[in-house]
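K.L.:
Okay, here's the structure, questions in a sec.
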Amino acid sequence: MRPLPSSGATAREGRVSILYINLERSSDRRMAMNDQFRALSLSAARIEAIDGRELSPDQVARCDQDARRRRRDNALTSNEIGCFLSHRRAWETIARSGKSTLVLEDDVALSDDLPDLLRRLSADPPAPHFIRMGGNRRRQSLFAGELSERYEIRLLLSGCSGSHAYWLTPAGARALLAASGRFVEAVDVFLDHYWNSRGIMYAVQPWPVELRDDASSSTIGDERFRLECSLRRSETMVAGLMRWCLRQRRSLIRRWWSAKTCVAWSAKHGGRSLKPMGGLWLRPLSTRRWTRGG
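Residue numbers (full-length UniProt numbering): 1 to 294.
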């Protein structure tokens with residue numbers, strides 16, 4: 001097996017744990033997760049999620065809504081705030097524990113290969129501080145290391161969205177906590193931005209953790225959809241133009257990050273030339289013929 005990209009983390013066999021985030025009222029999801037853990041002979045601890053319906057004023061104030069509106073032209077919903085704070089609760093647990101941890105939400109389906117992948121990640125230090133184990137979008141990526149004959153560590157060139165499954169070291173947890181004292185994004189967007197801006201957003205491919213069918217009934221997704229519909233019905237031409245400009249700005253920033261990551265990867269792997277496309281985007285090298293050399 002090729003060595004994983006180094007971050008200085010020192011995970012060891014037996015020092016990986018699993019946390020899953022679950023609302024107290026979501027007992028059906030809790031039972032479904034426990035059934036999967038038993039079937040795979042995995043042990044996991046539950047993190048009680050913070051309910052967006054019952055946020056305190058202090059919890060609401062953790063989100064900088066003014067900065068959010070300047071950046072996105074809309075506010076974070078109460079459920080998105082609760083979700084972010086729930087993940088921060090998991091990060092605090094990881095930082096205290098000193099153990100590299102798989103963080104899961106409670107609407108996922110686990111691959112039968114997951115126990116073996118966790119053993120390999122914990123037995124072959126050093127590992128990256130953050131590795132996505134599941135995502136909502138398919139993204140282009142660059143080869144970074146092998147986990148098994150089927151699975152690879154890939155360096156993502158842009159965010160794949162979703163916060164339902166990721167590996168996190170204690171050092172990574174401390175970094176996320178320091179960067180999220182106040183936040184302006186949903187947690188999945190924050191994770192994408194934080195790690196992608198540093199050119200170190202890794203992922204296991206193919207995904208060993210997928211969303212279950214019932215994940216489509218997410219209260220966060222429903223609330224965000226209603227809010228977006230309301231905004232589009234009420235926005236003026238000027239507001240619509242502003243939203244379009246903000247989207248273009250975010251797109252250019254993502255392209256710049258991706259180009260920077262491509263160049264750094266190329267320099268590290270023998271200075272392979274990258275083919276420009278449109279003068280603005282550097283084409284990701286994600287085919288098999290690029291993944292085995294260097």
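Heads up, the beta-carbon is just placed ideally off N, CA and C, and yes, glycines get one too.
1. According to DSSP, simplified to helix, strand and coil, what is residue 17?
2. Let's test the definition: count the other Cβ atoms within 10 Å of the Cβ of residue 31 and tell me whether it reaches 16, buried, or not, exposed.
3. Which of the three DSSP states is assigned to residue 91 in this structure?
4. If you draw a straight line from the C-alpha of residue 300 to the C-alpha of residue 133, how long is it?
5. Ignoring anything shorter than 4 residues or poking outside the region 169-199, list the alpha helix (DSSP H) runs there in chain order.
6. Give the range of the beta strand (DSSP E) segment to which residue 157 is assigned.
7. Could you give the C-beta distance for residue 40 and residue 107, rounded to a whole number, given that I count them as a contact under 8 Å?
8. Classify residue 17: buried if its beta carbon has 16 or more other beta carbons within 10 angstroms, exposed otherwise.
9. When the distance is taken between beta carbons, is residue 105 closer than 8 Å to residue 21?
10. Could you check if residue 19 is buried or exposed, using at least 16 other CB atoms within 10 Å of its CB as the buried criterion?
11. Once the 5 residues before and after residue 179 are set aside, which same chain residues still bring their CB inside 7 Å of it?
12. Going along the chain, which residues of its own chain have a beta-carbon closer than 7 Å to the beta-carbon of residue 120, five neighbours each way excluded?
13. Would you report the Cα separation of residue 12 and residue 130, rounded to the nearest angstrom?
14. Leaving out five residues before and five after residue 211 in sequence, what residues of the same chain have Cβ atoms less than 8 Å from its Cβ?
P.N.:
For this structure:
1. Correct three-state label for residue 17: strand.
2. exposed
3. helix
4. No information on residue 300 is available, as it lies outside the stretch 1 to 294 that the chain covers here.
5. 170-179, 187-196
6. From DSSP, residue 157 is part of no beta strand (DSSP E); its letter is neither H nor E.
7. The pair is not a contact, with the Cβ atoms about 17 Å apart (cut-off 8 Å).
8. Residue 17 is buried by the Cβ-count criterion.
9. Yes; because the gap between Cβ atoms is below 8 Å, this pair is in contact.
10. buried
11. 194
12. Around residue 120: 147, 148.
13. Any reading at residue 12 needs caution, since the residue's pLDDT is 40, under 50, leaving its predicted position unreliable; the model's value is listed next. Taking the CA atoms as reference points, residue 12 sits about 16 Å from residue 130.
14. Counting only Cβ-Cβ distances below 8 Å, and skipping sequence neighbours, we find 107, 108, 109, 134, 136, 162, 164.
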